[in-house]
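J.:
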């Protein structure tokens, strides 16, 4: 998220006070990505470090734990981190603002950034990605998703969300070329695209690019 935008931070803090915002089940696309990483891993069986960046209610922190990682989680909303601390005490959770972050160089084997980057300005997203490359191990993976051009679900006017639960918060919508440019510097990237309609709202589109990038 973008802590430089007070309206966004307030909207997200309020968002995580609502029970419906506490998602419990992981995204199936991320499950497939983590399975692919596990299958392709040729390193020792020693426990590896994973970061759930912009962790929200912690559904993917729990998933990473199930895959055997030592899990760290960050979010810039205190309510989200409090939820994770209460629900998943095995996760090392902390509130994190703008980069740089406190993690050591080459510390993580995997970073999950699910539905996060698009809530930041283009400049801040680049800084965040540069920092993720710093804290990823060589050969480590960044698994992520971002909102795609064509999404109507957020009812955005320009870069301002209009939906009731996040009204006033900031969001961008990526083209594939913009995403490729932001992820330059990774040695290998696989892209995918998802589009769905909410039940009973066939006129709406929820659109995401998904990616698995190897440093």
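Residue numbers (this note's numbering): 62 to 276. Glycine included, C-beta positions come from ideal geometry on N, C-alpha and C.
Just the Cα atoms here: how many angstroms apart are residue 92 and residue 124?
T.: Using only the alpha carbons, I get a separation of about 8 angstroms.
J.: The beta strand (DSSP E) with residue 265 in it runs from where to where?
T.: Element bounds for residue 265: n/a, residue is neither H nor E.
J.: State yes or no: is the C-beta of residue 275 within less than 7 angstroms of the C-beta of residue 202?
T.: It is a contact, given that the beta carbons lie within the stated cut-off.
J.: Assign residue 151 to one of two classes, buried (16 or more other C-beta atoms within 10 Å of its C-beta) or exposed (fewer than that).
T.: It is exposed - the Cβ of residue 151 has fewer than 16 other Cβ atoms within 10 Å.
J.: Can you tell me which of the three DSSP states residue 275 falls into?
T.: It is a strand residue.
J.: Within the same chain, show all residues whose beta-carbon is closer than 7 angstroms to that of residue 88, passing over the 5 residues directly before and after it, in chain order.
T.: For residue 88, where only same-chain residues beyond five positions count, the Cβ hits under 7 angstroms are 175.
J.: Leaving out five residues before and five after residue 248 in sequence, what residues of the same chain have Cβ atoms less than 6 angstroms from its Cβ?
T.: Cβ neighbours of residue 248 beyond the five flanking positions: 275.
J.: What is the residue span of the beta strand (DSSP E) that residue 197 lies within?
T.: 197-208 is the extent of the beta strand (DSSP E) around residue 197.
J.: Would the beta-carbon of residue 186 fall within 7 angstroms of that of residue 273?
T.: Not a contact, by the Cβ cut-off of 7 angstroms.
J.: Under 8 angstroms by Cβ, that's how I've got residue 246 and residue 194 pegged, so tell me the actual separation to the nearest angstrom.
T.: Their Cβ separation, rounded to whole angstroms, is 6 angstroms, which keeps residue 246 and residue 194 in contact under 8 angstroms.
J.: Could you tell me which residues DSSP puts in a beta bridge with residue 114?
T.: In the DSSP output, where bridge partners are listed per residue, residue 114 has 135.
J.: Helix, strand or coil: how does DSSP classify residue 242 here?
T.: DSSP places residue 242 in helix when its eight states are reduced to three.
J.: For residue 234 and residue 129, I'd like the C-alpha separation in whole angstroms.
T.: About 33 angstroms.
J.: By Cβ distance, which residues of its chain are closer than 6 angstroms to residue 240, with the 5 residues on each side in sequence left out?
T.: 270.
J.: Got a sec? Which residues, its chain only, sit under 6 angstroms from residue 171 by beta carbon, not counting five neighbours each side?
T.: Within the same chain, residue 171 has close Cβ partners 111 and 202.
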